[in-house]
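Number of protein chains: 2
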Amino acid sequence: MIKDKRIKKIKEYVMEHESASLDELVTVFDVSKNTIRRDVQELVDHGELKKVYGGVSAIPKKLESFQDRQVRNLQEKVLISKKASNFIEDGDFIFLDSGTTTIEMFNFLKEKSLTIFTNSIDFIVRALPYENLNVISIGGMVDRKTNSFVNTRNIELLRDYNIKKAFMASTGISLVNGVTNASPDESELKKTVVNRSSEVYLLVDHNKFDKYGLMTYCKLAEIDCIVTDRLPEENYQEYAKENGIQFVIAD
Amino acid sequence: MIKDKRIKKIKEYVMEHESASLDELVTVFDVSKNTIRRDVQELVDHGELKKVYGGVSAIPKKLESFQDRQVRNLQEKVLISKKASNFIEDGDFIFLDSGTTTIEMFNFLKEKSLTIFTNSIDFIVRALPYENLNVISIGGMVDRKTNSFVNTRNIELLRDYNIKKAFMASTGISLVNGVTNASPDESELKKTVVNRSSEVYLLVDHNKFDKYGLMTYCKLAEIDCIVTDRLPEENYQEYAKENGIQFVIAD
DNA sequence: AAGTCATGGGTAACTGTTGGTAATGTGTAT
DNA sequence: ATACACATTACCAACAGTTACCCATGACTT
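From first to last, the protein sequence lines stand for chains A and B.
At position 93 of the first sequence (counting the first as 1) the number is 93 in the UniProt record's numbering, and the numbers step up by one without a gap.
At position 75 of the second sequence (counting the first as 1) the number is 75 in the UniProt record's numbering, and the numbers step up by one without a gap.
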């Protein structure tokens, strides 16, 4: 493997595992300890990681809470987001919810020509270099837990736009409680988006099933398509069939 | 395959894979290493890719254009923004315009406790780690020339907020044309902010005097305080005296 | 037929990368 | 405090990749 690539991988590996011993890295990347040392040194010089005796650890950033979540189950999130992105075509007007799964869609839509309505600050920032993406921000108060805009006073303006497809995130879904999220500030917006959008896609990994958060922002029946990484229990499949919900499994 | 086409393909290939070894490219495109080198060299010369030992890697896109402008006259901008920040007190509810001068205020207010209304994407991002800053974004369409939100549909909501102090930027000011900026998309918002704010501060370096852009968003008389880096011509001083405008010189 | 250009193959000097080894430093358990 | 294991640093030799050339070939142009 090219040195550059290896270093990037090392960074990702350490980020994902919070920290790693040098021996661990030696095994994983199959190069000598010496080389690992040099690679790590380079990353440390660039302020990407920090050294600890016997290994290396990710830098606890101020907004780590979000970053942390982002790497957990990263592979599943990438698979799900890739699958979901297949539903997006050039010229679409879509809504993109904030969240660690939905943000992964970025890589799969950055080359398309789209108009994207979003409350995700991360997405707005990542989309800045891509002129082909017409990004419209919902605005509102910055919420540091989710890096998104909440409590937005201007939900009204959503009603002026005809969103074709909405890609939603959730902290947990269940047959009883529907699609939920943690914060009341967000749910008003999500409700409106679900109502206003022709097609609603929900991106949830298998861990989210049978869990629920504080607020329900829509019923499961209001979702058109659930993109996830494992076929859910029988009762979900029945419910889906009854309510015309499509299940898409990414693997 | 023709050379031009191959080079384009190589670029695409590397972009897609983030990076690639020369050997890899040799196999994929079935030409000699020598040719791959020449092709890659051409791409590097055009700044499309960068060489790394053992291969090539895609250039991580950046928001360069804005960054560039940011360093021009940086010292003046810092001086002006520092001076302007003196008017801000803990607990204030302020508006912060987008622009290369106003963004420099960030360092001088990041430790204060404030509620900040802004259209500047850069400010929103930089403020993310600072929990003491309550940031409210105006939202709207992303404008990549200024890294701000424009064309915002929800100017109405501004009327609900009582902004205490507004810190405005401008591409040029003159006695005849007042305070101007380049884009029609922005001026509607700026107009409203100037109207709604108890105190309006204008941050302009001396180069901005006697220049004007396409759109006038307010008269000079509507400004309460102009922060700049040199004492302007006599006629500006007279005008200021007549209209109760305070001049603050940063040096 | 001569000229131009892209290509492939080769050589030699050079530079960056790698893994090993030895000396030194650091943390831990007794 | 001492011994021990392991981590770190520094250095070097081997090697892989790079640069800057060379020339031969074939396709295409003038």
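Built from N, CA and C at the ideal position, the CB exists for glycine as well.
At what residues does the alpha helix (DSSP H) containing A:T102 begin and finish?
As a first step, residue 102 of chain A is located in the first sequence; it is residue number 102 there, counting from the start. Taken as a continuous stretch (DSSP letters only), A:T102 belongs to no alpha helix (DSSP H), as it is neither H nor E.
Which term fits B:K77, buried or exposed, when burial requires 16 or more other beta carbons within 10 angstroms of its beta carbon?
Your numbering for residue 77 of chain B matches position 77 in the second sequence. Buried, since its Cβ has 16 or more Cβ neighbours within 10 Å.
Within-8 Å CB hit, A:S19 to chain B
As a first step, residue 19 of chain A must be located in the first sequence, where it is residue number 19. Chain B contact via Cβ: absent.
Could you run through the stretch 133-153 of chain A and flag, in chain order, every residue whose CB is less than 9 Å away from some CB of chain B?
L133, N134, V135, I136, S137, I138, G139, G140, M141, V142, R144, N147, F149, N151, T152 and R153
Using only alpha-carbon positions, find the residue among A:N107, A:D30, A:E89 and A:V14 that is nearest to A:I80.
Counted from its first residue, the first sequence places residue 80 of chain A at position 80. The candidate whose alpha carbon is nearest that of A:I80 is A:N107.
Distance check for B:I10 and B:G47, CA to CA, integer angstroms please.
In the second sequence, residue 47 of chain B corresponds to position 47, counting from 1. In the second sequence, residue 10 of chain B corresponds to position 10, counting from 1. Looking at the two C-alpha atoms, the distance is approximately 14 Å.
Rounded C-alpha distance that separates A:Y161 from A:V193
Position 161 of the first sequence, counted from the first residue, corresponds to residue 161 of chain A. Position 193 of the first sequence, counted from the first residue, corresponds to residue 193 of chain A. Looking at the two C-alpha atoms, the distance is approximately 10 Å.
Under the rule that 16 or more other beta-carbon atoms within 10 Å means buried, what is B:Y217, buried or exposed?
Taking the first residue of the second sequence as 1, we reach residue 217 of chain B at position 217. So B:Y217 counts as buried.
In whole angstroms, what separates the C-alpha of A:E64 from that of B:T35?
Residue mapping note: residue 64 of chain A aligns to position 64 of the first sequence, counting from 1. Residue mapping note: residue 35 of chain B aligns to position 35 of the second sequence, counting from 1. Note that A:E64 scores 44 on pLDDT, short of 50, meaning its location in the model is unreliable and no value can be drawn from it.
In chain A, which residues lie less than 8 Å from B:Y53 when you measure between Cβ atoms?
Here residue 53 of chain B corresponds to residue number 53 of the second sequence, with the count starting at 1. What B:Y53 touches in chain A: I2, K3 and D4.
Using a Cβ cut-off of 7 Å, pull out every chain B residue sitting near A:E89, in sequence order please.
Reading the first sequence from its first residue, position 89 is the one you call residue 89 of chain A. Ordered by position in chain B, no residue passes the 7 Å Cβ test against A:E89, which lies about 20 Å from the chain.
Any idea if B:K219 is buried or exposed, counting beta-carbon neighbours within 10 angstroms, 16 or more meaning buried?
For the purposes of this step, residue 219 of chain B is taken as residue 219 along the second sequence, with counting starting at 1. With fewer than 16 other Cβ atoms within 10 Å, it is exposed.
Check whether the stretch 98-117 of chain B touches the stretch 122-136 of chain A, counting contact only when three or more Cβ pairs, one atom from each stretch, lie closer than 8 Å.
no
Is A:E222 closer than 8 Å to A:V248 when the C-beta atoms are compared?
Your numbering for residue 248 of chain A matches position 248 in the first sequence. Your numbering for residue 222 of chain A matches position 222 in the first sequence. No, Cβ-Cβ distance for A:V248 and A:E222 is not below 8 Å.
Minimum C-alpha distance to A:S85 - residue among A:K241, A:T180, A:V26 and A:T228
Counting from 1 along the first sequence, the entry for residue 85 of chain A is found at position 85. Among A:K241, A:T180, A:V26 and A:T228, the Cα nearest to that of A:S85 is on A:T228.
Under 8 Å Cβ-Cβ, which residues of chain B neighbour A:I121?
Mapped onto the first sequence, residue 121 of chain A falls at position 121. Under the 8 Å cutoff, chain B gives I124, V125 and L128.
B:S32 versus chain A: which residues are under 8 Å apart at the beta carbon?
Locating residue 32 of chain B in the second sequence gives position 32, where the first residue counts as 1. Near B:S32 there are no residues of chain A at all, since even the closest Cβ is about 20 Å away, more than 8 Å.
Counting C-beta neighbours from all protein chains within 10 Å, is the total for A:N235 16 or more, i.e. buried, or is it exposed?
Taking the first sequence and counting its residues from 1, the one referred to as residue 235 of chain A is at position 235. Flag for A:N235 reads exposed.
Considering only their Cβ atoms, is the gap separating A:A182 from residue 257 of chain A smaller than 8 Å?
An answer regarding residue 257 of chain A cannot be provided, because it is not within the stretch 1 to 251 covered by chain A.
For chain A, find out if any of its Cβ atoms is closer than 8 Å to the Cβ of B:S57; answer yes or no.
In the second sequence, counting from the first residue as 1, residue 57 of chain B sits at position 57. So yes, B:S57 belongs to the interface.
Give me the DSSP bridge partner(s) of A:E199.
By 1-based counting over the first sequence, the position of residue 199 of chain A is 199. Looking at the DSSP assignment, A:E199 forms a beta bridge with A:K165.
Please say whether A:G172 and A:Y212 have beta carbons closer to each other than 8 Å?
Here the question's residue 212 of chain A lines up with position 212 in the first sequence. Here the question's residue 172 of chain A lines up with position 172 in the first sequence. Going by C-beta atoms, A:Y212 is nearer than 8 Å to A:G172.
If we cut at 8 Å on Cβ distances, does A:E131 have a partner in chain B?
Walking along the first sequence from the start, residue 131 of chain A turns up at place 131. True, the Cβ-Cβ gap to chain B drops below 8 Å.
Leaving out five residues on either side along the sequence, give the residues of the same chain with a beta carbon under 8 Å from the beta carbon of B:V22.
Start at 1 with the first residue of the second sequence, and residue 22 of chain B comes out as number 22. Looking at the sequence itself, residue 22 of chain B is Leu, so the reference to Val does not match. Cβ neighbours of B:L22 beyond the five flanking positions: K33, I36, R37, V40, G54, G55 and V56.
Please state whether DSSP places A:N235 in a helix, a strand or coil.
On the first sequence, residue 235 of chain A is found 235 positions in, with the first residue counted as 1. Helix, per DSSP.
By the DSSP assignment, the alpha helix (DSSP H) with B:I36 in it spans what residues?
Sequence index remark: in the second sequence, residue 36 of chain B carries index 36 (1-based). Here the alpha helix (DSSP H) through B:I36 covers K33 to D45.
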